[in-house]
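Enquirer:
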Amino acid sequence: MGREKILGIHYLRGIAALMVVFYHLRTTLNHVYAQSDLGDIMFSYGAFGVDLFFVISGYIICYSTEKKERYMRIKYIVRRVFRIYPLLITSLLFTFFFVSDESNISALIRSAVPLNTNYSAGSPFFGYNLLSPAWTLTYEIAFYIIFLVSFAFSHKYRWLISSVIIILFVCGIQKWQTGNIILNAYNSNSFKNGTIWHAPLTFLASPLFLDFVYGVVIYKIHNVIKKMRVTENVITWIKACSLFIFAISFLEICSTQVYGHGPLLWGLWCAILILSGLVYENFGTIPKSRILCFLGDISYSLYLTHAVIIDMFYKYNNIFSIFGKANGISHVLYILILSLFLAYMVYKLIELPFIKIGKLINNGVFDKNCGVNF
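The numbers in UniProt numbering rise by one with no breaks, and the one at position 63 of the sequence shown is 63.
#1: How about P133 and L336: are their beta carbons less than 8 Å apart?
#2: If you reduce the DSSP assignment to three classes, tell me which class N184 lands in.
#3: So, at 6 Å on beta carbons, what are the nonlocal neighbours of V32 in its own chain, with the 5 sequence-adjacent residues on each side left out?
#4: Across which residues does DSSP place S123 in a beta bridge pair?
#5: Taking the straight line between their C-alpha atoms, what separation do you get for L340 and G172?
#6: Report the rounded CA-to-CA distance for Q174 versus V213, giving the unit in angstroms.
#7: Would you check if the distance between the CB atom of G267 and the CB atom of D211 is smaller than 8 Å?
#8: Taking 8 Å as the cut-off, does the stretch 223-239 touch the stretch 270-285 (at least 3 CB pairs, one atom from each stretch)?
#9: CA-CA distance, E4 and S103?
#10: How many angstroms separate the CA atom of S123 from the CA atom of Y76?
#11: Determine the direct distance from the alpha carbon of S120 to that of G194, and round the result to whole angstroms.
#12: So, is C62 buried or exposed, given that buried needs 16 or more other C-beta atoms within 10 angstroms?
#13: By DSSP, does Q177 sit in helix, in strand, or in coil?
#14: How about I355: is its C-beta nearer than 8 Å to some C-beta of chain D?
#15: How many angstroms separate the CA atom of residue 424 from the CA atom of A185?
#16: Quick check on this structure: which residue in L38, G58, A142 and V234 has the alpha carbon closest to the alpha carbon of L201?
#17: Is it a yes or a no for the stretch 73-90 touching the stretch 343-352, going by three-plus beta-carbon pairs under 8 Å?
#18: At what residues does the alpha helix (DSSP H) containing I129 begin and finish?
#19: When you compare each of D297, F244 and S299 to L275 by their alpha carbons, which one comes out closest?
#20: Between L338 and I309, how many whole angstroms is the CB-CB distance? I'm expecting something under 8 Å.
#21: So, is S249 buried or exposed, given that buried needs 16 or more other C-beta atoms within 10 angstroms?
#22: May I ask you to report which of helix, strand or coil DSSP gives D37?
#23: Let's test the definition: count the other Cβ atoms within 10 Å of the Cβ of K356 and tell me whether it reaches 16, buried, or not, exposed.
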């Protein structure tokens, strides 16, 4: 299931992680300069990185499973588990023992599944997670499970089946429980309170899941575009239009003309951003950037671990006393540098080795001759 990286997608993944970091650092710029809300002005849109991640995930999961192979379902599970859980569990353990004030081991286990903290607290966050950025991983893993079920039924139509399942969950559960359908990701839906069905029904009805559908549909559209044969003059116009749409989409997000998670807000504009970028890359060339490649490589590590650095910075300010007098931009740069350094270290020491272990298990246990070696 391994495929060549799509450069534009890889870059966007790194940018998404970096934007989330800046979003969480925005308050350090407030009340420092003459413009008291400078941090909010500069980075309040940074949380759009979550929606960007979700749309990218929808696309990439289809792209990475294009090739049908033996033991595909088992290999898919192994890849996902070794990609997500080692870093998640390591980050959670460190947070639990050294950063968080939580002492209940059940909260640690719940967060490691990962399950959100409180499914009565409202969509899309549902009370977050012990490791604050990990609330999004609950959505990611639920999507991976839905996609697994989809290609178990049909590899060819996995994109369609997964999209239909998600739409049925989001719209069907809401219609069944309330008689209405809300596509705003921010809502107070809370179904079957006090029963075992409360968490799954409330969670699966979250409109934020529709971001993944955007990515899946973009994959199908991109496949059609890749087969197009057009003249050089038409290619020039396509590249110009796609670049223009990409720029407008990014400016629309950054200007906060559109603000908030979900399929009607950031999700929609991220989908337009990604599709226009893919169209440009299909007909043109995106230059290789070592910095953007680096950010793309460490994006998952940066996304998960930057919160640990930020929390430690404030909890153990005596350890970081060398930065104690830093304010404003210098404060942001200090934490950013530390976050990038930690992300690179855990990428090299935890994330990458476990990804390789997952590949070794798939290549070593499941051979190409349909036998299984134990």
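A virtual CB, placed ideally from N, CA and C, is assigned to each residue, including glycine.
Only a predicted model underlies this, so the values are computations on that prediction, with no experimental measurement involved.
Expert: The short version:
#1: Reading the sequence shown from its first residue, position 133 is the one you call residue 133. Reading the sequence shown from its first residue, position 336 is the one you call residue 336. It is not a contact, given that the beta carbons lie outside the stated cut-off.
#2: The count along the sequence shown starts at 1 and reaches residue 184 at position 184. Looking at N184 - three-state DSSP - the assignment turns out to be coil, as it is neither helix nor strand.
#3: For the purposes of this step, residue 32 is taken as the residue at position 32 of the sequence shown. Closer than 6 Å at the Cβ level, and outside the excluded window around V32, lie N327 and G328.
#4: The residue labelled residue 123 in the question sits at position 123 within the sequence shown. Partner(s): N187.
#5: What you label residue 340 is simply residue 340 of the sequence shown in a count that begins at 1. What you label residue 172 is simply residue 172 of the sequence shown in a count that begins at 1. Between the alpha carbons of L340 and G172 lies a distance of about 42 Å.
#6: In the sequence shown, residue 174 corresponds to position 174, counting from 1. In the sequence shown, residue 213 corresponds to position 213, counting from 1. Computed Cα separation, rounded: 18 Å.
#7: Looking up residue 267 in the sequence shown gives position 267. Looking up residue 211 in the sequence shown gives position 211. Pairing G267 with D211 gives a Cβ-Cβ distance under 8 Å.
#8: Taking 8 Å as the limit for Cβ pairs, the verdict is that the stretch 223-239 does touch the stretch 270-285.
#9: One-based indexing of the sequence shown puts residue 4 at position 4. One-based indexing of the sequence shown puts residue 103 at position 103. Cα to Cα, E4 sits roughly 44 Å from S103.
#10: Here residue 123 corresponds to residue number 123 of the sequence shown, with the count starting at 1. Here residue 76 corresponds to residue number 76 of the sequence shown, with the count starting at 1. Taking the CA atoms as reference points, S123 sits about 29 Å from Y76.
#11: Counting from 1 along the sequence shown, the entry for residue 194 is found at position 194. Counting from 1 along the sequence shown, the entry for residue 120 is found at position 120. Just so you know, the alpha carbons of G194 and S120 end up roughly 10 Å apart.
#12: One-based indexing of the sequence shown puts residue 62 at position 62. The residue in question, C62, is buried, as its Cβ has 16 or more Cβ neighbours within 10 Å.
#13: In the sequence shown, the residue the question calls residue 177 occupies position 177. Three-state result, Q177: helix.
#14: No chain D is part of this structure, which consists of one protein chain only.
#15: This structure does not reach residue 424, given that the chain is present from 1 up to 374, and the question cannot be answered.
#16: Walking along the sequence shown from the start, residue 201 turns up at place 201. The candidate whose alpha carbon is nearest that of L201 is A142.
#17: Segments in contact, yes.
#18: Here the question's residue 129 lines up with position 129 in the sequence shown. Going by the sequence as given, residue 129 is Asn instead of Ile. Annotation: N129 is outside any alpha helix (DSSP H) and is labelled neither H nor E by DSSP.
#19: The residue given as residue 275 occupies position 275 in the sequence shown. Of the candidates D297, F244 and S299, F244 places its Cα closest to the Cα of L275.
#20: Position 338 of the sequence shown, counting from 1, holds the residue named residue 338. Position 309 of the sequence shown, counting from 1, holds the residue named residue 309. At roughly 5 Å, the Cβ-Cβ gap stays under 8 Å, so L338 and I309 are in contact.
#21: Residue mapping note: residue 249 aligns to position 249 of the sequence shown, counting from 1. Buried, because 16 or more other Cβ atoms sit within 10 Å of the Cβ of S249.
#22: Translated into positions along the sequence shown, residue 37 becomes position 37. It is coil, neither helix nor strand.
#23: Looking up residue 356 in the sequence shown gives position 356. Answer is exposed; the Cβ neighbour count stays below 16.
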